[in-house]
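Peer 1: Have a look at the structure that comes next, please.
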Amino acid sequence: MAEIITRQAVVEESTTPMPGPGPDREFTVEARSQWKTIVRRFVHHRLAMISLFLFVLLVIASIIGPPLWKYKFDQTLRKPAGSGPNWLSPTWEHPFGISRTGYDQLALVMRGLQYSIRIALVVVVVSTVLGVVIGAISGYFGKWIDTISMRFVDLMLIIPFQVAVACLQRNVKGSNWLWLALFLAGFSWMGLARIIRGEFLSLREKEFVEAARAVGAKPMRIIFRQILPNALGPIIVSATLAVGGAVLAEAALSFIGLGVKQPDTSLGFLIERGKGEAATKPYLFWWPVVILCIISLTVNFVGDGLRDAFDPRQNRVRA
Numbered sequence: 000m001a002e003i004i005t006r007q008a009v010v011e012e013s014t015t016p017m018p019g020p021g022p023d024r025e026f027t028v029e030a031r032s033q034w035k036t037i038v039r040r041f042v043h044h045r046l047a048m049i050s051l052f053l054f055v056l057l058v059i060a061s062i063i064g065p066p067l068w069k070y071k072f073d074q075t076l077r078k079p080a081g082s083g084p085n086w087l088s089p090t091w092e093h094p095f096g097i098s099r100t101g102y103d104q105l106a107l108v109m110r111g112l113q114y115s116i117r118i119a120l121v122v123v124v125v126s127t128v129l130g131v132v133i134g135a136i137s138g139y140f141g142k143w144i145d146t147i148s149m150r151f152v153d154l155m156l157i158i159p160f161q162v163a164v165a166c167l168q169r170n171v172k173g174s175n176w177l178w179l180a181l182f183l184a185g186f187s188w189m190g191l192a193r194i195i196r197g198e199f200l201s202l203r204e205k206e207f208v209e210a211a212r213a214v215g216a217k218p219m220r221i222i223f224r225q226i227l228p229n230a231l232g233p234i235i236v237s238a239t240l241a242v243g244g245a246v247l248a249e250a251a252l253s254f255i256g257l258g259v260k261q262p263d264t265s266l267g268f269l270i271e272r273g274k275g276e277a278a279t280k281p282y283l284f285w286w287p288v289v290i291l292c293i294i295s296l297t298v299n300f301v302g303d304g305l306r307d308a309f310d311p312r313q314n315r316v317r318a
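Numbering that gives the first Met the number 0 puts the first residue of the sequence shown at 0, with every later residue one more than the last.
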């Protein structure tokens with residue numbers, strides 16, 4: 000009996016409000032939703048935030064830079080009278096120098112950055128839509144639909160996409176950046192389709208999906224309104240990493256002369272034009288190379304931060 004009384008006293012003491020000014024204190028635990036936790040993890044990933052800031056700066060520069068800069072990318076500059084042999088070198092007037100054909104290199108780089116980002120965004124949007132739709136339908140319905148879809152994915156994966164895109168590009172005349180983006184997107188969706196298929200194979204057996212079927216929901220509604228929101232994590236991460244892959248793929252094709260052609264331009268096209276003068280006039284070659292590397296690194300660091308943020312096993316915030 001004495002032991003019971005003692006335990007009761009301890010319980011009453013532990014539930015007694017703590018002394019302090021004002022009314023009795025109330026201790027509440029802030030309940031963070033899943034998305035708040037993801038955003039918090041990503042914001043505290045320093046390298047990812049710095050990379051995101053740099054990438055946004057490059058995007059802004061590609062949008063507002065060409066209209067604000069005093070020289071246009073297609074404006075031919077004439078050699079000033081009495082100027083020396085080094086008039087093509089960088090100056091305050093032309094920070095990136097002047098190309099041998101008489102164009103301001105900074106204007107060309109901003110224009111090339113604009114087209115490279117434009118191509119990357121088209122590739123990401125089209126390839127993400129294709130990968131999500133095919134992977135979702137394959138994973139949800141299974142059976143023969145899944146078999147046919149995955150065998151088609153396997154067939155697409157064994158095709159060397161750069162060779163295929165190069166062959167398709169040879170038949171396109173004139174301004175071709177949009178065709179190049181669509182060709183690259185047509186060979187970039189298979190990895191995401193496999194990821195989404197795996198997610199749907201797991202999620203389609205969950206209780207909320209069974210409940211949706213029980214109330215008579217149509218398959219397409221279940222796929223896009225019930226299951227797909229729960230698979231946004233892999234989609235966002237894959238789409239982010241695809242930006243860097245698309246920029247590098249375009250640069251590789253343009254470097255060998257099978258990508259963007261005049262009158263369009265891109266970073267890869269500028270690198271191809273400046274490679275012959277990399278030793279004598281390095282500013283014509285290295286500026287587009289440096290910016291291309293910055294885009295690739297920043298996008299990959301952002302993707303790394305998103306992957307850590309969406310990882311449910313990540314219990315601590317990375318620096």
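Using N, Cα and C, we set each Cβ at its ideal position, and we do this for glycine too. For clarity, every value in this text was computed on a predicted model and none was experimentally measured.
Leaving aside the five residues before and after residue 71 along the sequence, list all residues of the same chain whose C-beta is less than 7 Å from its C-beta, in chain order.
Peer 2: As a working note, residue 71 is residue 72 in the sequence shown. Within the same chain, residue 71 has close Cβ partners 106.
Peer 1: With which residues is residue 103 paired in a DSSP beta bridge?
Peer 2: Counted from its first residue, the sequence shown places residue 103 at position 104. The partner list for residue 103 (beta bridge, DSSP) reads 97.
Peer 1: Shortest alpha-carbon distance to residue 166 belongs to which of 182, 260, 264, 151?
Peer 2: In the sequence shown, counting from the first residue as 1, residue 166 sits at position 167. Minimum Cα distance to residue 166 is reached at 182.
Peer 1: Please check the pair residue 101 and residue 269, which I expect to be a contact at CB under 8 Å, by giving their CB distance rounded to whole angstroms.
Peer 2: Here the question's residue 101 lines up with position 102 in the sequence shown. Here the question's residue 269 lines up with position 270 in the sequence shown. Contact flag wrong, Cβ pair sits at about 15 Å.
Peer 1: Taking buried to mean at least 16 other C-beta atoms within 10 Å of its own C-beta, is residue 189 buried or exposed?
Peer 2: Against the sequence shown, residue 189 aligns to sequence position 190. By the 10 Å Cβ count, residue 189 comes out buried.
Peer 1: Quick check: the segment 246-257 against the segment 207-221, are at least 3 beta-carbon pairs closer than 8 Å?
Peer 2: Judged by Cβ distances under 8 Å, the segment 207-221 makes no contact with the segment 246-257, as fewer than three pairs qualify.
Peer 1: Please report how far the alpha carbon of residue 216 lies from the alpha carbon of residue 224, in whole angstroms.
Peer 2: Position 217 of the sequence shown, counted from the start, is the residue given in the question as residue 216. Position 225 of the sequence shown, counted from the start, is the residue given in the question as residue 224. Rounded to the nearest angstrom, the two C-alpha atoms are 10 Å apart.
Peer 1: Could you tell me the distance, in whole angstroms, from the CA atom of residue 284 to the CA atom of residue 262?
Peer 2: Residue mapping note: residue 284 aligns to position 285 of the sequence shown, counting from 1. Residue mapping note: residue 262 aligns to position 263 of the sequence shown, counting from 1. Rounded to whole angstroms, residue 284 to residue 262 spans 19 Å at the Cα level.
Peer 1: Can you tell which of 170, 264, 192 has the C-alpha that lies nearest to the C-alpha of residue 152?
Peer 2: By 1-based counting over the sequence shown, the position of residue 152 is 153. Residue 192 is the option with its Cα nearest to residue 152.
Peer 1: Return the chain-ordered ranges of every alpha helix (DSSP H) run that is complete within the segment 185-218 and spans a minimum of 4 residues.
Peer 2: Counting whole runs of 4 or more residues, the segment 185-218 contains the alpha helix (DSSP H) stretches 189-202, 206-213.
Peer 1: For residue 221 versus residue 131, is the C-beta distance shorter than 7 Å?
Peer 2: For this step, residue 221 is matched to residue 222 along the sequence shown. For this step, residue 131 is matched to residue 132 along the sequence shown. Not closer than 7 Å, so no.
Peer 1: Could you check whether the segment 41-56 touches the segment 294-309, counting it as contact only if at least three pairs of C-beta atoms, one from each stretch, sit closer than 8 Å?
Peer 2: Cβ pair count under 8 Å is three or more, so yes.
Peer 1: My assumption, with CB atoms under 8 Å, is that residue 125 sits in contact with residue 163. Please give the rounded CB distance.
Peer 2: Taking the sequence shown and counting its residues from 1, the one referred to as residue 125 is at position 126. Taking the sequence shown and counting its residues from 1, the one referred to as residue 163 is at position 164. In fact, because the Cβ distance is near 16 Å, the residues do not count as touching under 8 Å.
Peer 1: So what's residue 280 in DSSP terms, helix, strand or just coil?
Peer 2: Taking the first residue of the sequence shown as position 1, residue 280 is located at position 281. Coil at residue 280, not helix or strand.
Peer 1: Just reading off the alpha helix (DSSP H) that residue 58 is part of, what are its end residues?
Peer 2: Here the question's residue 58 lines up with position 59 in the sequence shown. Its alpha helix (DSSP H) spans residues 45-67.
Peer 1: Quick one: what does DSSP say residue 25 is sitting in, helix, strand or coil?
Peer 2: In the sequence shown, counting from the first residue as 1, residue 25 sits at position 26. Unreliable placement is indicated for residue 25, whose pLDDT of 40 sits below 50; no coordinate value is reported for it.
Peer 1: Among 115, 240, 88, which residue has its Cα nearest to the Cα of residue 103?
Peer 2: In the sequence shown, counting from the first residue as 1, residue 103 sits at position 104. Of 115, 240, 88, the residue nearest in Cα terms is 88.
Peer 1: Considering only C-alpha positions, which residue in the set 219, 226, 150, 306 is nearest to residue 204?
Peer 2: The residue you call residue 204 lines up with position 205 of the sequence shown. Minimum Cα distance to residue 204 is reached at 226.
Peer 1: Between residue 118 and residue 202, how many whole angstroms is the CB-CB distance? I'm expecting something under 8 Å.
Peer 2: One-based indexing of the sequence shown puts residue 118 at position 119. One-based indexing of the sequence shown puts residue 202 at position 203. Going by Cβ atoms, the distance from residue 118 to residue 202 rounds to 33 Å, so no, they are not a contact pair.
Peer 1: Quick one: Cα of residue 307 to Cα of residue 233, how far?
Peer 2: Indexing the sequence shown from 1 puts residue 307 at position 308. Indexing the sequence shown from 1 puts residue 233 at position 234. Their backbone Cα atoms lie some 11 Å apart in a straight line.
Peer 1: Whose CA, out of 275, 42, 259, lies closest to the CA of residue 168?
Peer 2: Taking the first residue of the sequence shown as 1, we reach residue 168 at position 169. Closest option to residue 168, Cα to Cα, is 259.
Peer 1: Any idea if residue 115 is buried or exposed, counting beta-carbon neighbours within 10 angstroms, 16 or more meaning buried?
Peer 2: Along the sequence shown, one-based indexing puts residue 115 at 116. With 16 or more Cβ atoms within 10 Å of its Cβ, residue 115 is classed as buried.
Peer 1: If you run the structure through DSSP and keep just helix, strand and coil, what is residue 169?
Peer 2: Counted from its first residue, the sequence shown places residue 169 at position 170. In the structure shown, residue 169 sits in coil (DSSP, three-state: anything other than H, G, I, E or B).
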